[in-house]
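A short write-up of the structure that comes next.
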Amino acid sequence: MATVFCQQNLSQHGVGLVAVSPEKNIWQDILLTHPVAGNAQAYDFTAGPLSGHIPAPRNKGAAVSKVGIAVGTFSGRATGKINIRLCSKDVCQSGTTSVDQTPDNTVIFIPLDQKLAITGPEDLSWSISTDGNDIKPAVWVWQNKENGELSPMMPLQTEFDPPDYVKLSYQDPYITIWKLSNAAPYFSADNCHLTIHSTEKLEADCENKGTLVRQEIAYPGWHVTVNGVHTKTGATKDGLFQTANLVSGHNTITFTYAPPKGVLMLFLFIVGLLGTGIGFYRSRPISLH
Numbered sequence: 001m002a003t004v005f006c007q008q009n010l011s012q013h014g015v016g017l018v019a020v021s022p023e024k025n026i027w028q029d030i031l032l033t034h035p036v037a038g039n040a041q042a043y044d045f046t047a048g049p050l051s052g053h054i055p056a057p058r059n060k061g062a063a064v065s066k067v068g069i070a071v072g073t074f075s076g077r078a079t080g081k082i083n084i085r086l087c088s089k090d091v092c093q094s095g096t097t098s099v100d101q102t103p104d105n106t107v108i109f110i111p112l113d114q115k116l117a118i119t120g121p122e123d124l125s126w127s128i129s130t131d132g133n134d135i136k137p138a139v140w141v142w143q144n145k146e147n148g149e150l151s152p153m154m155p156l157q158t159e160f161d162p163p164d165y166v167k168l169s170y171q172d173p174y175i176t177i178w179k180l181s182n183a184a185p186y187f188s189a190d191n192c193h194l195t196i197h198s199t200e201k202l203e204a205d206c207e208n209k210g211t212l213v214r215q216e217i218a219y220p221g222w223h224v225t226v227n228g229v230h231t232k233t234g235a236t237k238d239g240l241f242q243t244a245n246l247v248s249g250h251n252t253i254t255f256t257y258a259p260p261k262g263v264l265m266l267f268l269f270i271v272g273l274l275g276t277g278i279g280f281y282r283s284r285p286i287s288l289h
């Protein structure tokens, strides 16, 4: 799911703290069914309510607050209400919304009267009905990959508890800070023992040749010296972080930065331009009028 994917990427990229505004809940996600592409059909409720099953969210402390349904309203002419009932085992919650003036072929999110707490790993059961309709809406349904049932795509707005490796670090009326305990280290190298002196200097004792990864952006101008050999830093496969080649045995490593010539020339030009402007300003005649 999206939030879990983001958590994993933050950890892999060495992010140890996440700061958000206090009113923003980052512990939420959207769970989707997996329809088979190309076999969509409109269910118009002439045969009565529609029902089926959907996989339950697996996050710790998960609770569903809204249910999304793809509806067809016949160019906005459909009227009345559409109702959803969602159950986790024997615990159920319901929600309803008007389809009056709802745009055609859109996903509407129906808030449940109360959040549905997920009580186990079993599939959730659901049913959709309509009432008070002069012109009934249609619900777009697909064949569900998990169980073969015809069902809406049905995104579930889900809230859940933070993972065990995430702890609340600080909170006040203006900011909330979460700490990720599994963040990737600033320096890492397989089969090497690292002795870190600073963010620029360290030593590595390696069983074999290897690669040192430094969680610093692979920006032009960074160089590394390994046992007296000075070279440009390499980059990880995604081009994001710096790398350095290590030899078997002892490695003394120093990272340094020098702006590329183009950047340095631009900087000196701007400084010179500012100096000229200041000199011109100071040499102007002073008007007493």
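Counted the way UniProt numbering counts, the sequence shown spans residues 1 to 289. Note that beta-carbon positions come from the ideal geometry of N, C-alpha and C, so glycine has one too.
Under the 8 Å Cβ criterion, the segment 62-79 does not count as touching the segment 9-26, having fewer than three qualifying pairs. For the options ASP123, ALA258, PRO152, the alpha carbon positioned closest to that of PHE109 is the one of PRO152. Fully enclosed beta strand (DSSP E) runs of no fewer than 3 residues occupy 124-131 of the segment 112-140, in order along the chain.
Taking a cut-off of 8 Å on C-beta distances, the segment 141-161 touches the segment 27-34, as three or more cross pairs fall below it. DSSP places GLN12 in the helix class (H, G or I) of the three-state scheme. When secondary structure is reduced to three states using DSSP, LEU274 falls in the helix class. In this structure VAL226 touches LEU246 by the C-beta definition: roughly 7 Å separates them, less than 8 Å. For ALA42, DSSP records a beta bridge to TRP140. In terms of Cα proximity to SER125, the closest of PRO173, HIS53, ARG214 is HIS53.
Per DSSP, the unbroken beta strand (DSSP E) holding ALA19 starts and ends at 17-20. Cβ contact annotation for PHE74 (same chain, cutoff 8 Å, sequence separation greater than five): ASP104, ILE135, PRO137, ALA138, in chain order. Boundaries for GLY61: no beta strand (DSSP E) harbours it, and the DSSP string shows neither H nor E there. Taking each of SER188, PRO111, GLU203, PRO121 in turn and checking the Cα distance to THR254, the smallest one comes out for GLU203. Here ALA117 is exposed, its C-beta having fewer than 16 other C-beta atoms within 10 Å. In the pairwise beta carbon analysis, the segment 80-96 is classified as not touching the segment 185-195: fewer than three pairs are separated by under 8 Å.
Under the three-state reduction of DSSP output, ARG214 falls in the strand class. Secondary structure of HIS223 (DSSP, three-state): strand. According to the DSSP assignment, GLY52 belongs to the beta strand (DSSP E) that extends over 50-54.
Distances from the CA of ALA56 to each of LYS89, GLY72, GLY148 were compared; the closest alpha carbon is that of LYS89. Between LYS209 and SER248, the C-beta spacing is below 7 Å.
Between the alpha carbons of ASN59 and LEU150 lies a gap of roughly 26 Å. With a cutoff of 7 Å on beta-carbon distance, GLY221 and PRO173 are scored as not near each other. Annotation: LEU180 to GLN171 spans about 15 Å, alpha carbon to alpha carbon.
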